[in-house]
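K.L.:
Before anything else, here's the structure in question.
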Amino acid sequence: CFYVKNFIINFDCLAKHVEFYNHGLINDKNIKSIKYILENKNLMTIVNTKRFYIGFYSDGLFLHNKKFKGLGNGDKSSYKFVHSRNDCIDKINVLFLKKLCKFITILLNDNDF
């Protein structure tokens with residue numbers, strides 16, 4: 359199936375913590391991914407939602423309706439700064455971004471992509 363190896367990962371808003379809005383990519387088979395989140399629980403958590411948050415209703419909803427799996431991530435505490443004068447590159451925590459990218463790499467390997 360075309361959709362098995364295709365997915366959405368939406369880097370939304372990053373600050374001091376990341377919340378993962380899971381839609382099918384993180385599951386019981388992703389042992390290494392879950393272990394990495396637990397090892398970095400001060401930076402990362404999985405949020406169980408009743409609403410669809412991948413792409414926050416823009417392109418993500420369209421792709422979800424086409425049966426793509428996905429993982430949205432963001433930090434709600436940063437939303438008040440999005441698209442404002444305070445939404446600047448100097449706010450990026452490079453070490454945090456590195457950990458997030460490492461997690462995505464582990465997740466891709468866990469899912470055999």
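Under my numbering, read the sequence shown as residues 359 to 471, first letter to last. Built from N, CA and C at the ideal position, the CB exists for glycine as well.
Measure the alpha-carbon distance for K449 versus K424 and round it to whole angstroms.
P.N.:
Distance between the alpha carbons of K449 and K424 is about 35 Å.
K.L.:
Looking only at DSSP bridge pairs, what is Y379 linked to?
P.N.:
Answer is V405 and G430.
K.L.:
What is the DSSP secondary structure of S435, counted as helix, strand or coil?
P.N.:
Here S435 sits in helix by DSSP.
K.L.:
Between N444, I392, K393 and L401, which has its C-alpha nearest G432's C-alpha?
P.N.:
Minimum Cα distance to G432 is reached at L401.
K.L.:
If you count every other CB in all the chains shown that lies within 10 Å of the CB of H422, and 16 or more means buried, which is it?
P.N.:
Buried: at least 16 other Cβ atoms inside 10 Å.
K.L.:
Could you say which of H375, I462 and N380 lies nearest to L429 if we only look at CA atoms?
P.N.:
Nearest of H375, I462 and N380 to L429, Cα basis: N380.
K.L.:
In the DSSP assignment, find the unbroken alpha helix (DSSP H) run with K460 in it and report its ends.
P.N.:
Unbroken alpha helix (DSSP H) run through K460: V452 to D468.
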